[in-house]
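At position 85 of the sequence shown the residue is numbered 730 (the numbering used here), and the sequence of numbers has no breaks.
Since the structure comes first, as structure tokens, the remarks are kept for the end.
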Amino acid sequence: MNDGIVLVGFMGSGKSSVAQALSQQTSLPVVDLDRLIETTTGQTIPTIFSTQGEREFRHIETTCLRQVINMPAIISTGGGIVLSEENRHILKASFKTVVWLQADFDTYYKRITEDKQNSRPIANQSSKNDLAKIEQERRVLYEAVADVVIDVSKLTVNQIASQMLESI
Ligand code: S3P
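This is how it looks when you write it as structure tokens:
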């Protein structure tokens with residue numbers, strides 16, 4: 646069982662920032678799965694979506710998830726990691742602590758629209774209503790893999806990291 650911490654949650658839940666704060670508090674390195682996908686393929690996530698499609702992206706995502714199974718690290722995942730049964734199984738079977746960073750849809754949406762650094766194909770292609778539906782559908786999947794759930798809507802990144810370390 647991997648003793649690291651895996652962060653799951655919808656786009657805009659703050660996985661990457663919380664991972665950095667956790668890394669500082671635990672001295673474990675951060676592995677950002679989206680960045681690993683980009684370095685492995687030599688392509689950005691939007692390019693993979695536009696040239697190869699979501700199906701292929703999900704395939705690569707699973708391959709990269711398998712690569713980090715034995716890495717003691719803070720692993721920040723993409724929001725769609727829970728979509729496949731295979732990934733959910735890997736998360737449950739291989740990692741001691743999977744944390745769902747949970748908030749209400751409006752919190753995610755505000756952060757997604759304000760974030761000019763990351764281009765998110767799923768968010769760019771969807772209306773606000775469609776994105777809200779996607780978020781609703783995924784809740785049960787995050788819940789299925791989570792050992793710990795943290796409400797991130799009213800806490801700072803450092804508070805989230807501290808609360809998480811207290812509860813595991
Ligand atoms: C996705 C979320 C993204 C990235 C890709 C697909 C999703 O990661 O993996 O654009 O399906 O929710 P973030 O959650 O880090 O934005």
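We treat Cβ as the ideally placed atom computed from N, Cα and C, and that holds for glycine.
Only a predicted model underlies this, so the values are computations on that prediction, with no experimental measurement involved.
- By the criterion of a C-beta distance shorter than 8 Å, glutamate 780 is surrounded in its chain by Phe655, Phe750, Tyr753, once the five residues flanking it on both sides are discounted.
- A contact is defined here as three or more CB-CB pairs under 8 Å, and the segment 648 to 663 meets this definition with respect to the segment 719 to 726.
- Rounded to whole angstroms, methionine 809 and threonine 671 show a C-alpha spacing of 11 Å.
- Taking a C-beta distance under 7 Å as the contact criterion, arginine 733 and valine 790 qualify as a contact pair.
- For aspartate 796, the secondary structure class from DSSP, reduced to helix, strand or coil, is strand.
- Judged by beta-carbon spacing, valine 676 lies beyond the 7 Å limit of tryptophan 745, meaning their Cβ atoms are not closer than that value.
- As a beta-bridge residue in DSSP terms, serine 721 pairs with Leu652, Asp677.
- By the CB criterion at 7 Å, aspartate 679 and glutamine 747 fall outside the cutoff.
- Isoleucine 757 places its beta carbon 7 Å or farther from that of serine 739.
- DSSP lists Val651 as the beta-bridge partner residues of valine 743.
- In this model, serine 764 and threonine 692 are separated by some 10 Å (Cα to Cα).
- The beta carbon of valine 794 sits closer than 6 Å to the beta carbons of Trp745, Gln747 from its chain, once the five residues preceding and following it are set aside; these are given in chain order.
- Within a 10 Å sphere around the beta-carbon of valine 743 sit 16 or more other beta-carbons, which makes this residue buried.
- Valine 785 counts as exposed, since fewer than 16 other C-beta atoms from the protein chains shown sit within 10 angstroms of its C-beta.
- Inter-residue distance for arginine 700 and alanine 777 is about 21 Å (C-alpha atoms, whole angstroms).
- A residue is called buried once 16 or more other Cβ atoms fall within 10 Å of its Cβ, and arginine 783 is buried on that count.
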